[in-house]
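Chemist: In this text, residue positions in the sequence shown follow my numbering: the first is 2, and each later residue adds one.
A virtual CB, placed ideally from N, CA and C, is assigned to each residue, including glycine.
The structure displayed is predicted, hence computed values, not measured ones.
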Amino acid sequence: MTLYSFAKFVATACLALSFASAAAADTSSPVGKWRTFHPDSGAPNTIVEITQAGGKLEGTIVELLAGATETNCAKCEGERKDQPLVGMVILWDLTPERGGWGGGTILRPATGGTANASVKLADGGQKLDVKGSRGIASRTQTWERVE
Numbered sequence: 002m003t004l005y006s007f008a009k010f011v012a013t014a015c016l017a018l019s020f021a022s023a024a025a026a027d028t029s030s031p032v033g034k035w036r037t038f039h040p041d042s043g044a045p046n047t048i049v050e051i052t053q054a055g056g057k058l059e060g061t062i063v064e065l066l067a068g069a070t071e072t073n074c075a076k077c078e079g080e081r082k083d084q085p086l087v088g089m090v091i092l093w094d095l096t097p098e099r100g101g102w103g104g105g106t107i108l109r110p111a112t113g114g115t116a117n118a119s120v121k122l123a124d125g126g127q128k129l130d131v132k133g134s135r136g137i138a139s140r141t142q143t144w145e146r147v148e
C-alpha cells in the first residue's frame, strides 16, 4: 500500500467514524444519557439514561457522580424505600406532546416525592429542560447530554 493509498484509507475511515458518531447521538430525541445536577448545590449529581419503549420515555439512574450526596433512596416509600439509586427508574410514562414530552412522573430521591413531569429539548438537543409540577408549583432543571 502506497503512502497516498494509506492516507486516503485513513481519511475515509475518519469520515465514516464521524458520520457514525453523529448518527449515534440523535439530538432530535431525549433518548440517551444525561448529566443531572444537584438541585441545591448545582454540582453534577447523576447520569440518567432515557430510553423509549411502547411510545413512552423512561429515565433510569445509571451512575452516581462526585456531587451525589446519597446512594440509596432513604426518603422513598414503598418498594423504592432504601433501594440503591443506581438502577432506579426516576422518570416514567412520558408521551409525545406538542414541543416535547409530558404526562409523566418524576421522582426526586432527595425527598422521596413525585411530581408531574415534562421534558423539552434545548440548545440543539444538547440540553434537556426537565419540569416537575405539583399543583401550581413547578420547578425546571436543565440536564446536559453526555451521549
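Can you tell me whether DSSP reads R99 as helix, strand or coil?
Modeler: As a position in the sequence shown, residue 99 is number 98, starting the count at 1. Looking at R99 - three-state DSSP - the assignment turns out to be coil, as it is neither helix nor strand.
Chemist: Let me check one thing: in DSSP terms, what residues is E50 bridge-paired to?
Modeler: Numbered from its first residue, the sequence shown carries residue 50 at position 49. K34 and T61, per the DSSP bridge assignment.
Chemist: Who pairs with S139 in a beta bridge, going by DSSP?
Modeler: Taking the sequence shown and counting its residues from 1, one reaches residue 139 at position 138. Paired residue(s): S134.
Chemist: On the DSSP bridge assignment, give the partners of T115 in chain order.
Modeler: Residue numbering aside, residue 115 sits at position 114 when the sequence shown is read from its first letter. DSSP, once it has assigned bridges, lists L108 as partnering T115.
Chemist: Quick one: residues in its chain with C-beta nearer than 8 Å to the C-beta of G136, no 5 flanking neighbours on either side, listed in chain order?
Modeler: Taking the sequence shown and counting its residues from 1, the one referred to as residue 136 is at position 135. Cβ within range, chain order: n/a, list empty.
Chemist: Give the DSSP-derived three-state secondary structure of D94 in the structure shown.
Modeler: Walking along the sequence shown from the start, residue 94 turns up at place 93. Looking at D94 - three-state DSSP - the assignment turns out to be strand.
Chemist: Please state if the CB of E59 and the CB of I51 are separated by a distance shorter than 9 Å.
Modeler: In the sequence shown, counting from the first residue as 1, residue 51 sits at position 50. In the sequence shown, counting from the first residue as 1, residue 59 sits at position 58. Closer than 9 Å, so yes.
Chemist: Just confirm the distance between the C-beta atoms of C77 and G113, as a whole number of angstroms; I'd bet it's less than 8 Å.
Modeler: If you number the sequence shown from 1, residue 77 lands on position 76. If you number the sequence shown from 1, residue 113 lands on position 112. C77 to G113, Cβ: 4 Å. Contact.
Chemist: Quick one: what's E145 bridged to in DSSP?
Modeler: As a working mapping, residue 145 is identified with position 144 in the sequence shown. Partner(s): R36 and K128.
Chemist: Could you tell me the distance, in whole angstroms, from the CA atom of A69 to the CA atom of A44?
Modeler: Position 68 of the sequence shown, counted from the first residue, corresponds to residue 69. Position 43 of the sequence shown, counted from the first residue, corresponds to residue 44. Rounded to whole angstroms, A69 to A44 spans 8 Å at the Cα level.
Chemist: For P31, collect the residues of the same chain with a Cβ closer than 7 Å to its Cβ; drop the 5 residues on either side in sequence, then sort them by chain order.
Modeler: As a first step, residue 31 is located in the sequence shown; it is residue number 30 there, counting from the start. Result list for P31: I51, L58, W102, V120, L122 and L129, in chain order.
Chemist: Distance cutoff 9 Å, beta carbons only. Does S42 sit that close to anything in chain C?
Modeler: No chain C appears in this structure, which consists of one protein chain only.
Chemist: In whole angstroms, what is the alpha-carbon distance linking L95 and A118?
Modeler: For the purposes of this step, residue 95 is taken as residue 94 along the sequence shown, with counting starting at 1. For the purposes of this step, residue 118 is taken as residue 117 along the sequence shown, with counting starting at 1. Near 7 Å, if we compare the C-alpha coordinates of A118 and L95.
Chemist: What's the call for R146, buried or exposed, on a 16-neighbour Cβ count within 10 Å?
Modeler: Translated into the one-based positions of the sequence shown, residue 146 becomes position 145. With 16 or more Cβ atoms within 10 Å of its Cβ, R146 is classed as buried.
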